[in-house]
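Visitor: For the sequence shown, the working numbering gives the first residue as 2, with consecutive numbering after it.
We treat Cβ as the ideally placed atom computed from N, Cα and C, and that holds for glycine.
Keep in mind it's a predicted model, so treat the numbers as computed, not measured.
Following this message is one structure expressed as structure tokens.
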Amino acid sequence: MLCSNRCALPASLRAFRCLKTSGRPVKSLHAGVPGRQTACAHLSKHKTAGRNTSSPPKRRVHVCAAFPACTGQGVSILFSASTAYCVPLFAMMLFLPNKRATVSIMHSNWMFVPLSTMYIALLIQSWTPETLQMIMPGSLQAGLAGKFNPQFFPKLEGIQFLFSQTVTAASLWVHLLAINLFAARTAYLQGLHDQFVSFHSVFLSMLFGPLGLLSHLITQAVCTNRPKAAVNLDAAVNVTA
Numbered sequence: 002m003l004c005s006n007r008c009a010l011p012a013s014l015r016a017f018r019c020l021k022t023s024g025r026p027v028k029s030l031h032a033g034v035p036g037r038q039t040a041c042a043h044l045s046k047h048k049t050a051g052r053n054t055s056s057p058p059k060r061r062v063h064v065c066a067a068f069p070a071c072t073g074q075g076v077s078i079l080f081s082a083s084t085a086y087c088v089p090l091f092a093m094m095l096f097l098p099n100k101r102a103t104v105s106i107m108h109s110n111w112m113f114v115p116l117s118t119m120y121i122a123l124l125i126q127s128w129t130p131e132t133l134q135m136i137m138p139g140s141l142q143a144g145l146a147g148k149f150n151p152q153f154f155p156k157l158e159g160i161q162f163l164f165s166q167t168v169t170a171a172s173l174w175v176h177l178l179a180i181n182l183f184a185a186r187t188a189y190l191q192g193l194h195d196q197f198v199s200f201h202s203v204f205l206s207m208l209f210g211p212l213g214l215l216s217h218l219i220t221q222a223v224c225t226n227r228p229k230a231a232v233n234l235d236a237a238v239n240v241t242a
């Protein structure tokens, strides 16, 4: 009898777990009783349904598997990494303009590759079939209806909705960083070559890209009107190691 009770104990515990999870009455806790089988069947069905409802769409799993950095936490990482990448470059142009390392890095177009890679990763994650329609709304049929009705022009409402999403806002930030870095680099290199001060233009480009370009164009127009002789670049800017 003792042996029989011990052998029945695991089956009784399993039936009790089924009863506790399913919440349905069980007539007996011994193995082979229909009540236990009904509760366990209910529990199995409940677990299977839970797995089916909580599983993400196959397409989203595929995209996240191909670009693991574009998951929820990855977007924040790319956002912070893009900023951390650009800050030293701006600092070198502002505070170490005559260093040989600064001149060498700014003359290389490879400096834009990391930002471009991060932007592509965010763009792929944020792009949907409706994105182009939000950027350029309209239809060809309405445009050819016979009256002046321009189509495919961006509208503020669509752009506002597009950039209200986290991934799209992060891609916009990386886009702005790349544009501002390109504007600052242009002002820095031309100031280096034509021997005029570009600190203010680089600083404005870092914060406000178009304003920095305007400042650079005005500075260039004023400073390049003075006569000067062509000299070697390294000698002109006193490049140091």
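State yes or no: is the C-beta of V203 within less than 9 Å of the C-beta of L95?
Guide: Numbered from 1 along the sequence shown, position 202 holds the residue referred to as residue 203. Numbered from 1 along the sequence shown, position 94 holds the residue referred to as residue 95. In this structure, L95 lies closer than 9 Å to V203 by Cβ.
Visitor: For G73, count the other beta carbons within 10 Å of its own beta carbon; 16 or more makes it buried, fewer makes it exposed. Which is it?
Guide: Counting from 1 along the sequence shown, the entry for residue 73 is found at position 72. Exposed, because fewer than 16 other Cβ atoms sit within 10 Å of the Cβ of G73.
Visitor: May I ask you to verify whether the region 173 to 189 touches the region 93 to 113, counting CB pairs closer than 8 Å and requiring at least 3?
Guide: Output reads yes: the region 93 to 113 touches the region 173 to 189.
Visitor: Let me confirm a value: P130 is counted as buried when at least 16 other C-beta atoms fall within 10 Å, else exposed. Which label applies?
Guide: Numbered from 1 along the sequence shown, position 129 holds the residue referred to as residue 130. So P130 counts as exposed.
Visitor: Among L157, P211, L193, which residue has its Cα nearest to the Cα of T225?
Guide: Against the sequence shown, residue 225 aligns to sequence position 224. When each option's Cα is compared against that of T225, the closest is L193.
Visitor: Taking the beta carbon of N181 as the centre, do at least 16 other beta carbons fall within 10 Å, making it buried, or is it exposed?
Guide: Here residue 181 refers to the residue found at position 180 of the sequence shown. The residue is buried, with at least 16 neighbouring Cβ atoms inside 10 Å.
Visitor: Can the beta-carbon of L79 be found less than 9 Å from the beta-carbon of A143?
Guide: Taking the sequence shown and counting its residues from 1, one reaches residue 79 at position 78. Taking the sequence shown and counting its residues from 1, one reaches residue 143 at position 142. No, Cβ-Cβ distance for L79 and A143 is not below 9 Å.
Visitor: Looking at F154: is its Cβ nearer than 9 Å to the Cβ of M137?
Guide: Against the sequence shown, residue 154 aligns to sequence position 153. Against the sequence shown, residue 137 aligns to sequence position 136. Against a cut-off of 9 Å, the Cβ pair of M137 and F154 comes out as a contact.
Visitor: Mapping the DSSP letters down to three states, classify L90 as helix, strand or coil.
Guide: Reading the sequence shown from its first residue, position 89 is the one you call residue 90. Of the three classes helix, strand and coil, the one that applies to L90 here is helix, per DSSP.
Visitor: Measuring alpha carbon to alpha carbon, tell me which of Q191, W174, S206, V114 ends up nearest A222.
Guide: Against the sequence shown, residue 222 aligns to sequence position 221. The shortest C-alpha separation from A222 is found at Q191.
Visitor: Can you find the residues in the same chain that come closer than 7 Å, C-beta to C-beta, to N150, ignoring five residues on each side of it along the sequence?
Guide: Numbered from 1 along the sequence shown, position 149 holds the residue referred to as residue 150. Hits under 7 Å: A143, G144.
Visitor: I believe L178 touches L116 by the beta-carbon criterion, under 8 Å. Please report the beta-carbon distance rounded to the nearest angstrom.
Guide: By 1-based counting over the sequence shown, the position of residue 178 is 177. By 1-based counting over the sequence shown, the position of residue 116 is 115. Contact flag correct, Cβ pair sits at about 6 Å.
Visitor: Quick one: Cα of L157 to Cα of A102, how far?
Guide: The residue you call residue 157 lines up with position 156 of the sequence shown. The residue you call residue 102 lines up with position 101 of the sequence shown. C-alpha separation (whole angstroms): 43 Å.
Visitor: Please report the straight-line C-alpha distance between L208 and L141, rounded to a whole angstrom.
Guide: Position 207 of the sequence shown, counted from the first residue, corresponds to residue 208. Position 140 of the sequence shown, counted from the first residue, corresponds to residue 141. Cα-Cα distance, rounded: 39 Å.
Visitor: Please check if any C-beta of chain D sits within less than 9 Å of the C-beta of T225.
Guide: Of the protein chains in the structure, only one exists, and it is not chain D.
Visitor: How big is the Cα-Cα spacing for V198 and Y189?
Guide: As a first step, residue 198 must be located in the sequence shown, where it is residue number 197. As a first step, residue 189 must be located in the sequence shown, where it is residue number 188. Going by the C-alpha atoms only, they are around 9 Å apart.
Visitor: Decide if A171 is buried, meaning its Cβ has at least 16 other Cβ atoms within 10 Å, or exposed.
Guide: In the sequence shown, counting from the first residue as 1, residue 171 sits at position 170. Flag for A171 reads buried.
Visitor: How long is the line joining the alpha carbons of T118 and H217, rounded to whole angstroms?
Guide: Reading the sequence shown from its first residue, position 117 is the one you call residue 118. Reading the sequence shown from its first residue, position 216 is the one you call residue 217. Roughly 28 Å separates the two Cα atoms.
Visitor: Use the C-beta contact count for N212: other C-beta atoms within 10 angstroms, 16 or more gives buried, fewer gives exposed.
Guide: One-based indexing of the sequence shown puts residue 212 at position 211. In the sequence as presented, Asn is not what sits at residue 212; that position holds Leu. L212 comes out exposed.
Visitor: If you draw a straight line from the C-alpha of M112 to the C-alpha of A146, how long is it?
Guide: In the sequence shown, counting from the first residue as 1, residue 112 sits at position 111. In the sequence shown, counting from the first residue as 1, residue 146 sits at position 145. Between M112 and A146, the C-alpha separation is close to 48 Å.
Visitor: Between F200 and the rest of its own chain, which residues show a CB-CB distance below 7 Å, the 5 nearest in sequence each way excluded?
Guide: Along the sequence shown, one-based indexing puts residue 200 at 199. Contacts found: L95.
Visitor: By how many angstroms is the C-alpha of V114 removed from the C-alpha of T84?
Guide: Taking the sequence shown and counting its residues from 1, the one referred to as residue 84 is at position 83. Taking the sequence shown and counting its residues from 1, the one referred to as residue 114 is at position 113. In a straight line, the C-alpha of T84 is about 14 Å away from that of V114.
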